[in-house]
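Asker: Okay, here's the structure, questions in a sec.
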Amino acid sequence: MLLARLATTSAAVAATSARSKKVSLLADCVREAGPDDIAAVVAYLSGDLLQRRTGVGWASLRERPAPAAEPTLTVAEVDHTFATIADLSGAGSQNARRALLGSLLARATTEEQRFLGALVTGELRQGALAALVTDAVAQAFALEPAAVRRAVMLRGDIGPVAAAALEHGADGLAAFRLEVGRPVQPMLAQTAESVPAALERLGTAAVEWKLDGVRVQIHRADTIPGGVRVFTRTLDDITDRVPELVEAVLGLDVRSIVLDGEAIALRAGGRPRPFQETGSRVGRRVDVERARAQNPLTLFVFDILHVDGEDLLDLPATVRGEALARVVPAELRVPRLVTADPAEGAAFMFDALARGHEGVVVKALDIGYAAGRRGSGWSKVKPVHTLDLVVLAAEWGHGRRHGWLSNLHLGARDPAGGFVMLGKTFKGLTDAMLREQTEQLLALEESRNEWQVLVRPELVVEIAFDGVQSSPRYPGGVALRFARVVRYRPDKRAQDADTIDDVLAIAPATERDGSDTQRSRNVSSV
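Residues 1 to 526 (this note's numbering) make up the sequence shown, in order.
What follows is the structure, encoded as structure tokens:
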């Protein structure tokens, strides 16, 4: 299959705002793929390379060769080149990567160069990431979308699912099962205004501490090398960096298990250390034992997906909770309270806050584990609203902040594609953060004028705010009240940021009704 077919499809998808049309365009392209290249086709249409890390980035694309006059590149050739690039290491590898990328770009047309550049930088702005491509696979092969989504959730990768759908149809999808040792996409939580509001919607529910740690999914089985693997929410393997978590799970009296939880660094008295310390410890790749001695991690488990040969994904949360309590000791479990009483639930949250934690998560008791989805079954509640947003631009500072990029333009992710601006803030930034963000944002620069720098939307920042209000100034029709920076989130990608729908869900009904109308007129992708 020619790469030009994908580049043309991507451009057409970017040019339409209708979700159904996007899916139809993608499905037509997917349908033309063969067994040997379909995995790369769906990955590329999702904006990803098959190789998670290639060692090439934006700097490698600054000087591009003259484009080819006619398209000749195949998807298979492109994938082979990037696989070769990813395998390079040692002295001279960077120059070799640039040479290989240059040769590839020299064979690409202008449109193909643009498409390849977007894949390398992770910036395929067509409003069609994995969710739409998943639905396109279902449409291409006349399969139930829910069945395709479930298979992708269990496999953690759309490529093998698309290949199975092409060759074996529904029977191919049915073959996907939870496999101990292979991570599944994590279940996510929506935002709720308060514990009483969440309980009013869910009825009797579990209220659990919300920890400011690193999400981990831990698999144990005799078939796994070393017995245990630990994965992050982005499905990266961090086993070698967290030996204390490995030891904790090896100490359980089970043959096989899959757990969902948080790793967090605690002070001697049990209060959490700042997230930066937890994140730094989890990111440490060298001198791990020394880092462990200085800053040990504690495991808190809140869900169980498999135990001793039995998959629990589809069972109600009450059943999973009973299984968790049976095999995991209390000191390794997230504290929880089952209640329908708003006052009791609120008191539980205040106790969590008093201990230094973020808040609580309120969870329905009658649902299965909706992996890979931000479903209504889990609601996170914090005393101050926070959202993970994406920096779209930044303005140069004045006075003491002269020379630094200061005022941040904040955007929520639009599920249909792009980002919706919600306002600006320079509050909460320390001098150290100003220096660091200036360096990071300049590296992401796309264009500038005398007062601001427009950047690629990659940097995720956690923003606290007091509420949401109507605002005709911004395309979503709403703006954040008293927004301030809490921290940057290097553990999250732009596609993990909160959506405009999350923002509107926080707004009071009067604000939300008006903003929906405004949004239908004015939302534009940035």
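Every residue, glycine too, gets a C-beta built ideally from N, C-alpha and C.
Rounding to the nearest angstrom, what Cα-Cα distance links Arg87 and Gly477 in this structure?
Answerer: Correcting the residue type first, residue 87 is Asp in the shown sequence and not Arg. Approximately 47 Å between the Cα atoms of the pair.
Asker: Just to confirm, are Val381 and Ser194 a CB contact at a threshold of 8 Å?
Answerer: Cβ distance < 8 Å, so Val381 and Ser194 count as in contact.
Asker: How many angstroms separate the CA atom of Leu442 from the CA atom of Gly102?
Answerer: Using only the alpha carbons, I get a separation of about 24 Å.
Asker: Would a C-beta distance cut-off of 8 Å place Leu143 and Ser46 closer than the cut-off?
Answerer: No, Cβ-Cβ distance for Leu143 and Ser46 is not below 8 Å.
Asker: Using alpha carbons as the reference points, say which of Asp491, Pro475, Ile257 and Val384 lies closest to Asp222.
Answerer: With distances taken between Cα atoms, Asp222 lies closest to Ile257.
Asker: Beta carbon of Leu528, beta carbon of Phe82: below 8 Å?
Answerer: No answer is possible for residue 528: it lies beyond the span of the chain, which begins at 1 and ends at 526.
Asker: Under 8 Å, do Arg481 and Asp466 count as touching if we go by C-beta distance?
Answerer: Yes, the Cβ-Cβ distance between Arg481 and Asp466 is below 8 Å.
Asker: Does the structure place the region 226 to 243 close enough to the region 268 to 276 that three or more beta carbon pairs sit under 8 Å?
Answerer: Because the criterion of three Cβ pairs below 8 Å is not met, the region 268 to 276 and the region 226 to 243 do not touch.
Asker: Checking the sheet assignment: what are the DSSP bridge partners for Ser470?
Answerer: Bridge partners of Ser470: Val478.
Asker: Would you check if there are 3 or more beta carbon pairs closer than 8 Å linking the region 11 to 31 to the region 133 to 151?
Answerer: Enough Cβ pairs lie closer than 8 Å, so yes.
Asker: In chain order, what residues of the same chain have a beta carbon less than 8 Å from the beta carbon of Gly181, not counting five sequence neighbours either side?
Answerer: Same-chain partners within the cutoff: His219, Ala221, Thr223, Ile224 and Arg229.
Asker: Check whether the Cβ atoms of Thr425 and Leu410 lie closer than 8 Å to each other.
Answerer: Yes, these two residues count as a Cβ contact at 8 Å.
Asker: Can you grab the Cα-Cα spacing for the pair Ala416 / Arg326, in whole Å?
Answerer: Ala416 and Arg326: Cα-Cα distance of roughly 43 Å.
Asker: Drop a sphere of 10 angstroms on the beta-carbon of Leu250, count the other beta-carbons inside from all chains shown, and report buried for 16 or more, exposed for fewer.
Answerer: Exposed is the call here.
Asker: Alpha carbon to alpha carbon, what distance is there between Arg215 and Gly359?
Answerer: Each residue's Cα considered, the two are about 16 Å apart.
Asker: Would you mind reading off the limits of the beta strand (DSSP E) that contains Gln217?
Answerer: Val214 to Arg220 is the span of the beta strand (DSSP E), which, as asked, contains Gln217.
Asker: Exposed or buried, which one is Trp451 when buried takes at least 16 other CB atoms within 10 Å?
Answerer: Under this definition Trp451 is an exposed residue.
Asker: The alpha helix (DSSP H) spanning Glu445 covers which residue range?
Answerer: From DSSP, Glu445 is part of no alpha helix (DSSP H) but of the beta strand (DSSP E) over Glu445 to Arg448.
Asker: DSSP three-state call for His402: helix, strand or coil?
Answerer: Note: His402 maps to strand in three-state DSSP.
Asker: Is the separation between the beta-carbon of Leu299 and that of Leu245 shorter than 8 Å?
Answerer: Cβ distance < 8 Å, so Leu299 and Leu245 count as in contact.
Asker: Kindly list the residues whose CB is nearer than 8 Å to the CB of Asp314, restricted to its own chain and excluding five residues on each side of it in sequence; keep chain order.
Answerer: Answer for Asp314: Gly368 and Tyr369, listed in chain order.
Asker: Does DSSP put Ser524 in a helix, a strand or coil?
Answerer: For Ser524, the predicted structure reports a pLDDT of 31, less than 50, and the residue's modelled location is therefore unreliable. A value from the coordinates is still provided. In the structure shown, Ser524 sits in coil (DSSP, three-state: anything other than H, G, I, E or B).
Asker: Using only CA atoms, which one of Ala346, Leu365 and His357 lies nearest to Val319?
Answerer: Checking every option, the nearest Cα to that of Val319 belongs to Leu365.
Asker: Taking only runs of the alpha helix (DSSP H) that begin and end inside the region 93 to 124, which ones reach a length of at least 4 residues, in chain order?
Answerer: Fully enclosed alpha helix (DSSP H) runs of 4 or longer: 93 to 106 and 110 to 121.
Asker: Hey, Gly213 and Glu277: beta-carbon distance below 8 Å or not?
Answerer: Going by C-beta atoms, Gly213 is not nearer than 8 Å to Glu277.
Asker: Taking Cβ positions, are His357 and Trp209 nearer each other than 8 Å?
Answerer: Yes.
Asker: If we ignore side chains and look at the alpha-carbon of each, how far apart do Asp501 and Thr204 end up?
Answerer: Near 26 Å, if we compare the C-alpha coordinates of Thr204 and Asp501.
Asker: So, Pro67 versus Thr110, is the Cβ gap smaller than 8 Å?
Answerer: Yes, the Cβ-Cβ distance between Pro67 and Thr110 is below 8 Å.
Asker: What are the boundary residues of the beta strand (DSSP E) that includes Ser379?
Answerer: Run containing Ser379: Arg374 to Val381, per the beta strand (DSSP E) assignment.
Asker: Bridge partners for Glu395 per DSSP, in chain order?
Answerer: Glu395 is bridged to Asn407 and Gln452.
Asker: Please list the terminal residues of the continuous alpha helix (DSSP H) segment that includes Val161.
Answerer: From DSSP, the alpha helix (DSSP H) with Val161 extends over Ile158 to Ala174.
Asker: Does the Cβ-Cβ distance between Ser10 and Ala192 come in under 8 Å?
Answerer: The answer is no: Cβ separation not under 8 Å.
Asker: Pair every Cβ in the region 492 to 499 with every Cβ in the region 166 to 183, then say whether three or more of these pairs are closer than 8 Å.
Answerer: Result no; under three Cβ-Cβ pairs closer than 8 Å.
Asker: Return helix, strand or coil for Phe141, following the three-state DSSP convention.
Answerer: DSSP places Phe141 in coil when its eight states are reduced to three.
Asker: Output needed for Ala43: all residues of its chain with C-beta closer than 6 Å, excluding positions within five of it in sequence on either side, in chain order.
Answerer: If we look at Ala43 and ignore the five residues flanking it on each side, its Cβ neighbours are Leu50 and Gly159.
Asker: Do Val161 and Phe176 count as a contact pair if the criterion is CB distance below 8 Å?
Answerer: For Phe176 and Val161, yes; Cβs fall inside 8 Å.
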